[in-house]
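Before any comments, here is the structure.
Residue numbers (this note's numbering): 471 to 695.
Written out as structure tokens, the structure reads:
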């Protein structure tokens, strides 16, 4: 963005590219409001790299001035560049998301970018961000895949993470899917009313359950009974 890199964004990106290649790691770039146009940024990315804030509003995003997905964005996805949400305090727009999804452009991963300036709204937590995509038309399976399996694969986490296969790590987030009328707000202040919301219930870490007072804490061996 201009307030971070000014007109040196491509020079900074070139240095980041060099560091990522040296470390043999993917490069993650947040987009929007940059001095250089998005196609110039995408041209410097490689297979496995990640674009975050991909459904943001404003200039420098994935849509042209007529609301169409840029051909360079489709080409980037086609050559293996991943789109991440990174909701944040200013980087998710329902309008952008609706237009992108209508044109069959789906994110590869869904993340919250939650921090002290948005934990009390509009982000709140990852479950709320996932619920926004349920409202936008993704299936529950598509949403969970983009919050668990795809991130594990994108960032090369050890096998056994992001899956419920027998023998995998028992690191699990448990949710209930509530039904009702729920108001969701994007980073620009626009709201939508959804009718399903994921609500966290408990966490399983290394086979041990951590939850509210109404949920007993169970150790690993007890899970097998």
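The beta carbon of each residue, even a glycine, is placed where N, CA and C say it ideally should be.
Original post:
In chain order, what residues of the same chain lie with their CB nearer than 6 Å to the CB of residue 543, ignoring the 5 residues before and after it?
Top reply: 532
**OP:** Going by DSSP, name the residue or residues bridged to residue 681.
**Re:** 672
**OP:** Could you pull the start and end residues of the alpha helix (DSSP H) that residue 564 belongs to?
**Re:** 564-572
Original post:
Using the rule of at least 16 other Cβ atoms within 10 Å of the residue's Cβ for burial, across every protein chain shown, is residue 502 buried or exposed?
Top reply: buried
Subject >> Member of 669, 548, 553 whose CA lies at the smallest distance from the CA of residue 601 >> reply: 669
Original post:
CA-CA distance, residue 526 and residue 561?
Top reply: 4 Å
Subject >> Unbroken beta strand (DSSP E) run spanning residue 605, endpoints >> reply: That residue, residue 605, is in no beta strand (DSSP E); its alpha helix (DSSP H) goes 596-605.
Original post:
For residue 665, which of 608, 553, 649, 609 has the nearest alpha-carbon?
Top reply: 649
**OP:** Tell me whether residue 618 sits in a helix, a strand or coil according to DSSP, three-state version.
**Re:** helix
**OP:** Out of 529, 582, 545, 584, state which residue places its alpha-carbon closest to the alpha-carbon of residue 566.
**Re:** 529
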